[in-house]
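**Student:** Have a look at this one.
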Amino acid sequence: MAKIYAFANQKGGVGKTTLSVHLAILAHQLGFNTLLVDLDQQGSATFLVTGDGSRHHTLEGTVLDIWDPLKRAPLQESPIFGFDFLQASIGLDRVDRDFNAALAALKRLHLLESGSGPYDVVVIDCPPAPNTRQLAPLFVANVHALPVTPDALGTQGLKSMVSLSLGEVLPINEDLKVRILINRLKANSTKNKAIADNILKSLPEFTFPYILFDREDVRSALRIGKPYWEVCRDQAQKTAWYQLFLALLESTPIPDIGTEVPEPENADAILDTQAAARGMGPADGSPADGSPTDGNMPPAGGPTDDSPAGPADSNALSAEVADGGLADSDAAPRSSPADNDTAPRSGADSDAAPRSGPADGTSAPRSGGDRDTYVPDDDDGEEVSGDGNSQEDVLDRLTSEGEGGAQ
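Residue 291 in UniProt numbering sits at position 291 of the sequence shown, and the numbers go up by one each step.
What follows is the structure, given as structure tokens:
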């Protein structure tokens, strides 16, 4: 059965779409049969995986079709990244009126198959507005990936979403895991660091001890149709991004491949450690634990040379803070999934022949070269505050003056 990752926050501009697309890219590169589902009627994820900014201006052949049990899901293959996707529609808001129908539709994601078999990973890009398409995915997801920017408005969005997941969803969907991703920290902002500290201290059981910096070249990478770790010139930053998404994939094992995520620390400690650990990983790409690699999979520790290298031990974090880099991972390099030999297929049809495995860990061939089209900021929804449920005492610490958070 597919593992479902729902990227959702009630605050726009936190990097939700950028991060969801990157997770789908890495899952695909690792050989997982991957599906990206765009539930945001703005169609930003659809644009990023196709290069077509008007593709979602239709009602036919879109994700809307999974609401009709008599229709076949219109699975398509990204011409840029090679994984499958269900494209957004400008008419998606019409399904917000019926929560039960949305829940039934999204449960069908577990049943969808590509030409090479069932999906291993399903990534859902939810809209930033608090509506049915944001809430219903959490009831079918294994992981609620919650990107947050360490600023006053971003903190308020965090409060409301953690309240929602813990107070309303978790009692029903007991498999749900919340994973907070601190994103777009401004390198020279002491206030940003103080708020990041607050998040780490207040919700340590949910927060990954990785901090991604606010960098324009992240958006530039997607503009030319590549993940950030393939264009970033700084080895520490490559490792940061690559390891963050490896750790996120392992939030729910598919299967469990042995990487242990460290305990969160304060922001300065994380950043200092990341600055000290630069691009350390097995030179031959073999797993750190000595387990064999699957011949159909890319190297377990992360690609070397032009691709990101994984840290050599489970206590290493990586990023170049002095260069405005990212704070990130101490996750150990993974062995390749032992029971999964799926990989990108070449056809665009969902009935295409089974795909052959990637031999070198790179994504599927890209078409079209550089794209000069505008890459939109991915989330433009409005801020929504928390609903005051039983988690409020914990969440209030995120913005308390005594903790150094947002006022």
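A virtual CB, placed ideally from N, CA and C, is assigned to each residue, including glycine.
Okay, do the region 95 to 103 and the region 60 to 74 touch, 3+ Cβ pairs below 8 Å being the bar?
**Tutor:** Yes, the region 95 to 103 touches the region 60 to 74.
**Student:** The alpha helix (DSSP H) that contains residue 420, what's its start and end?
**Tutor:** Absent from the structure is residue 420, since the part of the chain shown begins at 1 and ends at 407.
**Student:** Whole angstroms is fine: what's the gap from ASP79's alpha carbon to VAL49's?
**Tutor:** Your numbering for residue 79 matches position 79 in the sequence shown. Your numbering for residue 49 matches position 49 in the sequence shown. For the sequence presented, residue 79 should be read as Pro rather than Asp. Roughly 7 Å between the two C-alpha positions.
**Student:** For LEU249 and THR58, what's the separation of their Cα atoms in angstroms?
**Tutor:** Position 249 of the sequence shown, counted from the first residue, corresponds to residue 249. Position 58 of the sequence shown, counted from the first residue, corresponds to residue 58. Each residue's alpha carbon lies about 32 Å from the other.
**Student:** Enumerate in chain order the residues of its own chain whose CB-to-CB distance from ALA221 is below 6 Å, with the five nearest sequence positions on each side excluded.
**Tutor:** Within the sequence shown, residue 221 is the residue found at index 221, counting from 1. Hits under 6 Å: TYR228, VAL231.
**Student:** Taking the C-alpha atoms as reference points, what is the distance between GLN87 and VAL21?
**Tutor:** Sequence index remark: in the sequence shown, residue 87 carries index 87 (1-based). Sequence index remark: in the sequence shown, residue 21 carries index 21 (1-based). Roughly 13 Å between the two C-alpha positions.
**Student:** Can you grab the Cα-Cα spacing for the pair ASN183 / LYS191, in whole Å?
**Tutor:** The count along the sequence shown starts at 1 and reaches residue 183 at position 183. The count along the sequence shown starts at 1 and reaches residue 191 at position 191. Near 14 Å, if we compare the C-alpha coordinates of LYS191 and ASN183.
**Student:** Going by Cα to Cα distance, which pick from PRO171, LYS201, GLN42 is closest to GLY53?
**Tutor:** Locating residue 53 in the sequence shown gives position 53, counting from the first residue. GLY53 has its Cα closest to that of GLN42, out of PRO171, LYS201, GLN42.
**Student:** Do you know how far the Cα of ALA267 is from the Cα of LEU112?
**Tutor:** For this step, residue 112 is matched to residue 112 along the sequence shown. For this step, residue 267 is matched to residue 267 along the sequence shown. Cα to Cα, the separation comes out at about 41 Å.
**Student:** Do ASN9 and LEU146 have their beta-carbon atoms positioned less than 9 Å apart in this structure?
**Tutor:** One-based indexing of the sequence shown puts residue 146 at position 146. One-based indexing of the sequence shown puts residue 9 at position 9. Result yes, Cβ atoms of LEU146 and ASN9 sit closer than 9 Å.
**Student:** Does DSSP classify LEU35 as helix, strand or coil?
**Tutor:** By 1-based counting over the sequence shown, the position of residue 35 is 35. Residue state, collapsed to three classes: strand.
**Student:** At what residues does the beta strand (DSSP E) containing PHE81 begin and finish?
**Tutor:** Position 81 of the sequence shown, counting from 1, holds the residue named residue 81. Note, PHE81: premise wrong, no beta strand (DSSP E); not H, not E.
**Student:** Go ahead and pull the three-state DSSP assignment for GLY167.
**Tutor:** In the sequence shown, residue 167 corresponds to position 167, counting from 1. Residue state, collapsed to three classes: helix.
**Student:** Taking the runs of the alpha helix (DSSP H) that are 4 residues or longer, which of them lie wholly in the region 133 to 182?
**Tutor:** Here the runs fully enclosed are 152 to 164.
**Student:** What three-state label does DSSP hand ARG108 in the structure shown?
**Tutor:** The residue you call residue 108 lines up with position 108 of the sequence shown. Helix, per DSSP.
**Student:** Label GLU77 either buried or exposed according to how many other C-beta atoms from any shown protein chain fall within 10 Å of its C-beta, with 16 as the threshold for buried.
**Tutor:** On the sequence shown, residue 77 is found 77 positions in, with the first residue counted as 1. Buried is the call here.
**Student:** Give the DSSP bridge partners of LYS226, in chain order.
**Tutor:** Walking along the sequence shown from the start, residue 226 turns up at place 226. DSSP output for LYS226 lists no bridge partner at all.
**Student:** Can you tell me the Cβ-Cβ gap for ASP166 and PHE208, rounded? I've got them flagged as a contact below 8 Å.
**Tutor:** The count along the sequence shown starts at 1 and reaches residue 166 at position 166. The count along the sequence shown starts at 1 and reaches residue 208 at position 208. One detail in the question is off: residue 166 reads as Leu in this sequence, not Asp. Going by Cβ atoms, the distance from LEU166 to PHE208 rounds to 17 Å, so no, they are not a contact pair.
**Student:** Please state the DSSP three-state secondary structure of ARG215.
**Tutor:** Walking along the sequence shown from the start, residue 215 turns up at place 215. Three-state result, ARG215: coil.
**Student:** Who are the Cβ neighbours of SER251 in its own chain at under 6 Å, not counting the five residues just before and after it?
**Tutor:** Here residue 251 corresponds to residue number 251 of the sequence shown, with the count starting at 1. Closer than 6 Å at the Cβ level, and outside the excluded window around SER251, lie VAL143, LYS177, ARG179.
**Student:** Given a cut-off of 9 Å on the beta-carbon distance, is the pair GLY187 and ASP151 in contact?
**Tutor:** Reading the sequence shown from its first residue, position 187 is the one you call residue 187. Reading the sequence shown from its first residue, position 151 is the one you call residue 151. The sequence given here has Ala at residue 187, not Gly. No; because the gap between Cβ atoms is not below 9 Å, this pair is not in contact.
**Student:** Excluding sequence positions up to five away, which residues of its chain have a Cβ less than 8 Å from the Cβ of VAL95?
**Tutor:** Taking the first residue of the sequence shown as position 1, residue 95 is located at position 95. Hits under 8 Å: LEU64, TRP67, ALA101, ALA102, ALA105, THR132, ARG133.
**Student:** Per DSSP, what kind of secondary structure is LEU59 in: helix, strand or coil?
**Tutor:** By one-based count along the sequence shown, residue 59 stands at place 59. In this structure, LEU59 counts as coil in the three-state DSSP scheme.
**Student:** Could you tell me whether the Cβ atoms of ILE4 and VAL122 are closer together than 9 Å?
**Tutor:** In the sequence shown, residue 4 corresponds to position 4, counting from 1. In the sequence shown, residue 122 corresponds to position 122, counting from 1. Cβ distance < 9 Å, so ILE4 and VAL122 count as in contact.
**Student:** Please state whether DSSP places TYR119 in a helix, a strand or coil.
**Tutor:** Residue numbering aside, residue 119 sits at position 119 when the sequence shown is read from its first letter. Note: TYR119 maps to coil in three-state DSSP.
**Student:** What does a CB cutoff of less than 8 Å around ILE199 pick up in its chain, not counting 5 residues either side in sequence?
**Tutor:** To locate residue 199, count along the sequence shown from 1; it is residue 199. So the qualifying residues of the chain are VAL148, PRO150, THR155, LEU158, ILE180, ILE182, THR207, LEU398.
**Student:** On the CB-based measure, 16 or more other CB atoms within 10 Å of its CB, does MET161 come out buried or exposed?
**Tutor:** On the sequence shown, residue 161 is found 161 positions in, with the first residue counted as 1. Looking at its Cβ environment, which holds 16 or more other Cβ atoms inside 10 Å, MET161 is buried.
**Student:** Tell me the rounded alpha-carbon separation between LEU36 and ALA269.
**Tutor:** Numbered from 1 along the sequence shown, position 36 holds the residue referred to as residue 36. Numbered from 1 along the sequence shown, position 269 holds the residue referred to as residue 269. Looking at the two C-alpha atoms, the distance is approximately 35 Å.
**Student:** Is ILE4 helix, strand or coil when you go by DSSP?
**Tutor:** To locate residue 4, count along the sequence shown from 1; it is residue 4. It is a strand residue.
**Student:** Looking at C-alpha atoms only, which residue of PRO127, ASP234, ASP98 is the closest neighbour of SER89?
**Tutor:** Here residue 89 is taken as the residue at index 89 of the sequence shown, counted from 1. Taking only the C-alpha atoms, the option nearest SER89 is PRO127.
**Student:** Which residue from TRP241, ARG72, ASN173, ASP40 puts its Cα closest to that of ALA129?
**Tutor:** Start at 1 with the first residue of the sequence shown, and residue 129 comes out as number 129. The shortest Cα separation from ALA129 among TRP241, ARG72, ASN173, ASP40 belongs to ASP40.
**Student:** Going by CA-CA distance only, name the one from LEU164, ALA6, LEU212, LYS226 that's closest to TRP241.
**Tutor:** In the sequence shown, residue 241 corresponds to position 241, counting from 1. The shortest Cα separation from TRP241 among LEU164, ALA6, LEU212, LYS226 belongs to LEU212.
**Student:** If you drop the 5 nearest sequence neighbours on each side, which residues of the same chain put their C-beta closer than 6 Å to that of ASP84?
**Tutor:** The residue you call residue 84 lines up with position 84 of the sequence shown. So the qualifying residues of the chain are LEU35, LEU75, GLU77, SER114.
**Student:** Would you say ILE124 and LEU135 are within 9 Å of each other, going by their C-beta atoms?
**Tutor:** Locating residue 124 in the sequence shown gives position 124, where the first residue counts as 1. Locating residue 135 in the sequence shown gives position 135, where the first residue counts as 1. The answer is no: Cβ separation not under 9 Å.
**Student:** Would you report the Cα separation of GLY117 and GLY31, rounded to the nearest angstrom?
**Tutor:** One-based indexing of the sequence shown puts residue 117 at position 117. One-based indexing of the sequence shown puts residue 31 at position 31. Going from the Cα of GLY117 to the Cα of GLY31 covers about 13 Å.
**Student:** What is the rounded straight-line gap between the Cα of PRO137 and the Cα of ASP234?
**Tutor:** Start at 1 with the first residue of the sequence shown, and residue 137 comes out as number 137. Start at 1 with the first residue of the sequence shown, and residue 234 comes out as number 234. Rounded to whole angstroms, PRO137 to ASP234 spans 36 Å at the Cα level.
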